[in-house]
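Worksheet: the structure to be examined is printed underneath.
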Amino acid sequence: MKNFTYFRPTTPEQAVALLENRWGNTELLAGGTDLHDLQKEYVAQPARVVSLSGVNALAGIRVEEKSVRIGAGAKLADIANHAELKRLFPSLTDAADQIGGPQIRNMGTLGGNLCQRNRCWYFRDEHTNCLLKTGQRCFALDGENKYHAIFSQGHRCVIVNPSTLAPALIALGASAVVQGPNGRRTIELGRFFRAPGANNEREHVLEANDMVVEVTIPRSNLANASYEVRHKQAYDWPLVQAAVSFERGDGGVRNPRVVLGHVAPTPHVAEAAARSITGQAVSEATAGAAGRAAAQDAKPLSQNGYKVKLVEVAVKRALIIAAGQKRYWEV
Amino acid sequence: MAQVFQVIGTRPIRHDGLDKVTGRAQYGADIQLSGMLHGRVLRSSHAHARIKSIDASAALKVPGVEAVATAADLPESGDRIAHLGEGAVNLRHLSSNCLARGKVHYKGQAVAALAATNPHIAEEALALIKVDYEPLPPVMDVREAMKDSAPKLHADVFTEEMGQLKKDKPSNVAKHFQFKLGDVHKGFAQAAVTVEREFHTATVHQGYIEPHNATAMFNPDGNVTIWCSTQGAFTVRAQVSELLQIPVSRIKVVPLEIGGGFGGKIRVYLEPVAAVLSKKTGKPVKILMDRAAVFEGTGPTPGSYIRVKLGADKTGKLVAGEAYLAYEAGAFPGSPIGPGAMCIFACYDIPNVLIDGFDVCVNKPATAAYRAPGATNAAFASETVVDEICRQLKIDPLEFRLKNGAKEGTRRADGPIYPRIGMIETVEAAKKHPHYVAPLAPGSSPFPRGRGVASGFWFNIGLKSSVTASVNNDGTVSLVEGSTDIGGTRVSVAMQLAEALGIRAEDVRPVVADTDSVGYTDVTGGSRVTYATGWAAYEAAQDIKWQMLEKAAQLWKTDLDNVVYDKGVIRAKDDPAKKITFKELAEKIQHKGGIVVGRATVDPPWPGGAFATHIVDVEVDPDTGKVSILRYTAVQDCGKAIHPSYVEGQIQGGAVQGIGWALNEEYAYNAKGEMTNASFLDYRMPTSLDLPMIDAVIVEVPDPKHPYGVRGVGEVPIVPPPAAIANAIYAAVGVRMNELPMSPGRVVKALAAKK
Ligand SMILES: Cc1cc2nc3c(=O)[nH]c(=O)nc-3n(C[C@H](O)[C@H](O)[C@H](O)COP(=O)(O)OP(=O)(O)OC[C@H]3O[C@@H](n4cnc5c(N)ncnc54)[C@H](O)[C@@H]3O)c2cc1C
Chain A
1 MKNFTYFRPT TPEQAVALLE NRWGNTELLA GGTDLHDLQK EYVAQPARVV SLSGVNALAG
61 IRVEEKSVRI GAGAKLADIA NHAELKRLFP SLTDAADQIG GPQIRNMGTL GGNLCQRNRC
121 WYFRDEHTNC LLKTGQRCFA LDGENKYHAI FSQGHRCVIV NPSTLAPALI ALGASAVVQG
181 PNGRRTIELG RFFRAPGANN EREHVLEAND MVVEVTIPRS NLANASYEVR HKQAYDWPLV
241 QAAVSFERGD GGVRNPRVVL GHVAPTPHVA EAAARSITGQ AVSEATAGAA GRAAAQDAKP
301 LSQNGYKVKL VEVAVKRALI IAAGQKRYWE V
Chain B
1001 MAQVFQVIGT RPIRHDGLDK VTGRAQYGAD IQLSGMLHGR VLRSSHAHAR IKSIDASAAL
1061 KVPGVEAVAT AADLPESGDR IAHLGEGAVN LRHLSSNCLA RGKVHYKGQA VAALAATNPH
1121 IAEEALALIK VDYEPLPPVM DVREAMKDSA PKLHADVFTE EMGQLKKDKP SNVAKHFQFK
1181 LGDVHKGFAQ AAVTVEREFH TATVHQGYIE PHNATAMFNP DGNVTIWCST QGAFTVRAQV
1241 SELLQIPVSR IKVVPLEIGG GFGGKIRVYL EPVAAVLSKK TGKPVKILMD RAAVFEGTGP
1301 TPGSYIRVKL GADKTGKLVA GEAYLAYEAG AFPGSPIGPG AMCIFACYDI PNVLIDGFDV
1361 CVNKPATAAY RAPGATNAAF ASETVVDEIC RQLKIDPLEF RLKNGAKEGT RRADGPIYPR
1421 IGMIETVEAA KKHPHYVAPL APGSSPFPRG RGVASGFWFN IGLKSSVTAS VNNDGTVSLV
1481 EGSTDIGGTR VSVAMQLAEA LGIRAEDVRP VVADTDSVGY TDVTGGSRVT YATGWAAYEA
1541 AQDIKWQMLE KAAQLWKTDL DNVVYDKGVI RAKDDPAKKI TFKELAEKIQ HKGGIVVGRA
1601 TVDPPWPGGA FATHIVDVEV DPDTGKVSIL RYTAVQDCGK AIHPSYVEGQ IQGGAVQGIG
1661 WALNEEYAYN AKGEMTNASF LDYRMPTSLD LPMIDAVIVE VPDPKHPYGV RGVGEVPIVP
1721 PPAAIANAIY AAVGVRMNEL PMSPGRVVKA LAAKK
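So, in structure tokens, the structure goes:
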């Protein structure tokens, strides 16, 4: 790890003032479960690190009348274990509960989860200078791409966005409150992520001197669920994730949102799947059809064709869980 | 008649347990010496390249950096072959694996090292060492490497073809050999069914939790002390002696506690480098590896290509077997192809056999031993083909093994005739086990389920062990041994001494000593410690007994013939009133009679070998291809389970590693020959959440030679799992998986191809 100067401000305003308007030289530090790894691998080499550990205002989960507000500093474990959140937004708490292992969940934060860097093997290799560093090309396009994007169309870099909280939050209509040098603004999480495609771009739309302060989720009675297809039961990433939400009505599903994780450089909104299930009662047949619709435009790379099938499965199972039906894949 | 034991077969608390669970045990990373420097190793960023130059001048200018070492600091080792406790090693290759000379043969190979006053300076300065490489094309796959057109790793490696060195042109194929028994053509002609299949297995790592480490202190008088994590202090001593050209008597190796080895901590990596840096600086130097260095820079077990053909007559009797095994040696010759080829049909009595083995260099780390080295790859292939034959002939797979299983008198294809072994007994026990008796409940799950079985063999070895045992005046015995304790062997060795003396296991204090403090002892490997070091402890107990009898005879002023030793009590034959316990006598001799120290050194014959039969039930999610293990039973002949808990621990641990190998683990390489998943996050070892409790079933067919019938248990449990699971997957969904790992992506693909 390269040596750095450590700052420990106590307010978001102070923290933002310590940042710079370009990426790389100064990094925000929350739980450090991602940043320190990147530093140890020399992928991140900040000269200045601004710790958020002294910013008390970032902690806390508040369930209010109209919305739920989760501080950017809330720990993943606190989100996973929050009784009220579990009742309202099981998609979010289930996703949080499956991240890494207890140590990661006890240190990792919501803000860090949304802003964490991608897990592409080329990006994470100190010696590979890919498009997201200062290189000219994405090596995964024609290289090792088993875990990369299957909605790869039009992307110069085919990472998948790593956050599994993001699809759940997007399906729930959440927004991020962002502190910048000129004050605060709100960004819908559906617009928070972007596909990086050039040197030094990040996986989100924040400026280098912005920070996430909190995430707000409108309170609702949306049925919601997240389903992850995983290889291992712990210390692993999903191969594919689907988060869904919808209103329950007499005429079947209303206003559904289907958001996929680990299939594209950003959380991927599957509109065709949403159309497919709208107005239907959730059943293995209708959920399966929605799953097929979700996968329909996929354009897998050389090694990740298997993921297309997993999208179908994840969407189908997420819908069935959200509808409170029997999980046919469990005894 | 079965022996009756007081200590053996019980489950006393291990002597090192408290220190380990309270974090007091000393591991290599805990070592702190005054004035100690911290070393770091620079590793190759290329899979295959010529080293044109190494320029360390900028690194040496960094304040706090005290020395840099490269291959130039190691004496040139000729092409000498040395036996260093892990089979034969070419010293030039071993040296180049510690610090590359001239060329690098895999990404992660050590190229240079430096020592600095703290680890951060060392790390920063390391980046300033400039290595000028001329990259060469790598070859990563065993069959590619065998082609004439493949890039050659070594200008001086030639094929040893059936014992003859073919010096005409260099080759990546370091060795081709054959084992022959009977006449396979005639054999296959008698077959009613013949099945021939091809298999691929991925490179996998032992995955020990503790990374390699070494601290060395070179004294001005030319003596060097090395603290390290190793399976064999004496093999470290021998290797360092050869590599640095120092006599063994000037090297003291202190083995610290070891956080797993599984075969991977026999060869040296850091020890000679730390010693060189210490010599240059005059200060102790400590080097620790990180996880990426462990994956990329230390020996995994080979990937392989295997073809197996088996024939059986219509009664289900095996009549012929043919196998072709090509194993990736990695950067230097020396894969476990020999044992792999010996094990591939070792569970069966087959009259006609032809086995071809190939040892092939590829641009991956030089492979090292891993629990039953070579046998798991082989069994995956042969036990899958056996399963196909059983299905074609509609014979229960355990019935088939009863009919064909190896027994005393069976000749293995590579020559040896089995002494008393327990293959059949493991199959019988498996057949009777509630797991096998109970039908696999259909309909209890929405997804297809299947059951598979497979058997496995591993030799187990004897080799040399020494112990000393001093009787203390409180009636306890201090036992000094040279076998590093990986799986609870302090207690299993101590128990054999206690049994022989008729005292409690708790009254023995076992210590694992450094190379100056105990007689020569071979590695903790080959499932040998409880067998051989335990045997030495038994012999040391006999030595103590005789000495105690002499002391009693002196005390009672009677003849040695007139005193007997009986379960910890010494009696006079002619006078029932004359008796004294071990403890009382120990107290007495402190004041009068003299101290008793027992000693023994053994080099026993090899045990008869270990067999295992495993049963597994799996469930396959046909949508995702994910295979879940529902129930797992591992039956194994252990000879005699000295401490059943540690025997069960070995069986469970081995089975779990086999399951990881079967379903998850692999070295993923990109086109440049770089490992892309060198972390525990991306290299998927199973965790407790991925596994059911493994039911370990101990079968005891005592080894007739060993005083207590021990056979050794550590290795064979890793052998059957991949095949058993592949067979279970077939039973569940009707596809034959012929490539490891059987990951979800592969299973889904195979299912799609079946449709
Ligand atoms: C074994 C393992 C398994 C994992 N599995 C999963 C998984 O399944 N799903 C998943 O979603 N994640 C997973 N993760 C990632 C984990 O969720 C993240 O590492 C964690 O959420 C990061 O939070 P942190 O507070 O530690 O962030 P840090 O490491 O401190 O920061 C991460 C990044 O976010 C930036 N940052 C932090 N806080 C803010 C803020 N308030 N505003 C703006 N930028 C900020 C930092 O500058 C840095 O670039 C896994 C990680 C590991 C190690």
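Sequence order for the protein chains is A and B.
Take the first sequence: its letters are residues 1 to 331, numbered as in the numbering used here.
Take the second sequence: its letters are residues 1001 to 1755, numbered as in the numbering used here.
A virtual CB, placed ideally from N, CA and C, is assigned to each residue, including glycine.
For the options B:ASN1472, B:GLY1321, B:ARG1684, the alpha carbon positioned closest to that of ASN1404 of chain B is the one of B:GLY1321. With 16 or more other Cβ atoms from the protein chains shown falling within 10 Å of its own Cβ, GLU203 of chain A counts as buried. Only residues of its own chain outside the window of five on either side were considered, and among them GLY291, ARG292, ALA295 have a CB closer than 6 Å to the CB of GLU312 of chain A, listed in chain order. With a threshold of 8 Å between beta carbons, THR1676 of chain B makes contact with chain A. For TYR1531 of chain B, there is no enclosing alpha helix (DSSP H), as DSSP marks it with neither H nor E.
In this structure, the straight-line span from the alpha carbon of ASP1387 of chain B to that of PRO1686 of chain B is close to 26 Å. Bounds of the alpha helix (DSSP H) holding LYS1749 of chain B are 1744–1754. Note on geometry: alpha-carbon atoms of SER1229 of chain B and LYS1265 of chain B lie some 7 Å from one another.
In the DSSP assignment, CYS1361 of chain B falls within the unbroken beta strand (DSSP E) covering 1352–1361.
From the beta-carbon of ALA234 of chain A, the residues of chain B found nearer than 9 Å are THR1687, SER1688, LEU1689, ASP1690. In terms of side-chain proximity, the C-beta atom of TRP237 of chain A is found nearer than 7 Å to a non-hydrogen atom of ligand 1. For HIS262 of chain A, no Cβ of chain B is located within less than 8 Å of the residue's own Cβ. Every alpha helix (DSSP H) stretch that sits fully inside the stretch 1626–1696 of chain B and reaches 4 residues is listed by chain position as 1644–1663.
With at least 16 other beta carbons inside 10 angstroms of its own, TYR1538 of chain B counts as buried.
In the structure shown, GLY1187 of chain B falls within a helical segment according to DSSP collapsed to helix, strand and coil.
Around GLU144 of chain A, the beta-carbon contacts reaching into chain B at under 7 Å are ALA1668, ASN1670, THR1676.
Taking 9 Å as the upper bound on Cβ-Cβ separation, chain A lies near residues SER1045 of the stretch 1039–1054 of chain B. For VAL244 of chain A, not one C-beta of chain B is nearer than 8 Å to its own C-beta. A distance below 6 Å between beta-carbons, with the five flanking residues on each side excluded, links THR93 of chain A to the following residues of its chain, in chain order: ALA80, LEU85, LYS86. Against TYR306 of chain A, the close residues of chain B are GLY1625, PRO1744, GLY1745, VAL1748, LYS1749, in the order they occur along the chain (beta-carbon pairs closer than 8 Å).
When secondary structure is reduced to three states using DSSP, LYS309 of chain A falls in the helix class.
Out of B:ALA1469, B:ASN1473, B:ASP1474, B:GLY1519, the CA that lies nearest to the CA of ALA1500 of chain B is found in B:ALA1469. By the rule that beta-carbons nearer than 8 Å mark a contact, ARG1684 of chain B touches chain A.
Nearest CB-CB separation between TYR6 of chain A and chain B: not below the 8 Å threshold. For THR186 of chain A, the distance from the CB to the nearest heavy atom of ligand 1 is not below 7 Å. Within the model, the alpha-carbon separation for ALA1331 of chain B versus ALA1366 of chain B is close to 5 Å. Legend: CB atoms of the stretch 1099–1122 of chain B lying less than 8 Å from CB atoms of chain A belong to residues HIS1120. The C-beta distance from GLY1334 of chain B to GLY1525 of chain B rounds to 15 Å, too long to meet the 8 Å contact threshold. Using a Cβ-Cβ cut-off of 8 Å, ASP1621 of chain B counts as an interface residue toward chain A, since at least one Cβ of chain A sits closer than that to its own. Distance check between ASP1313 of chain B and each of B:ALA1292, B:ILE1344, B:ILE1350, B:VAL1139 places B:ILE1350 closest, using alpha-carbon atoms only. Residue pairing of ARG191 of chain A in beta bridges, as defined by DSSP: absent, with no partner found.
Apart from the 5 residues on each side of it in sequence, ASP1637 of chain B sits with its Cβ closer than 8 Å to the Cβ of ILE1421, GLY1422, MET1423, GLU1425, THR1426, ALA1610, PHE1611, ALA1612, VAL1699, GLU1700, VAL1701, ARG1711 in its chain, given in chain order. Look at the stretch 1056–1115 of chain B and you find these whole runs of beta strand (DSSP E), each 3 residues long or longer: 1065–1070, 1081–1083, 1088–1090. Residue-level contact check: LEU1585 of chain B does not touch chain A, since none of the beta carbons of chain A fall below 8 Å from its beta carbon. When Cβ pairs closer than 8 Å are counted between the two stretches, the stretch 1255–1262 of chain B is seen to touch the stretch 1218–1232 of chain B, the count reaching three or more. Scanning chain A for C-beta atoms nearer than 9 Å to the C-beta of ASN1363 of chain B yields nothing, as the closest lies near 16 Å away.
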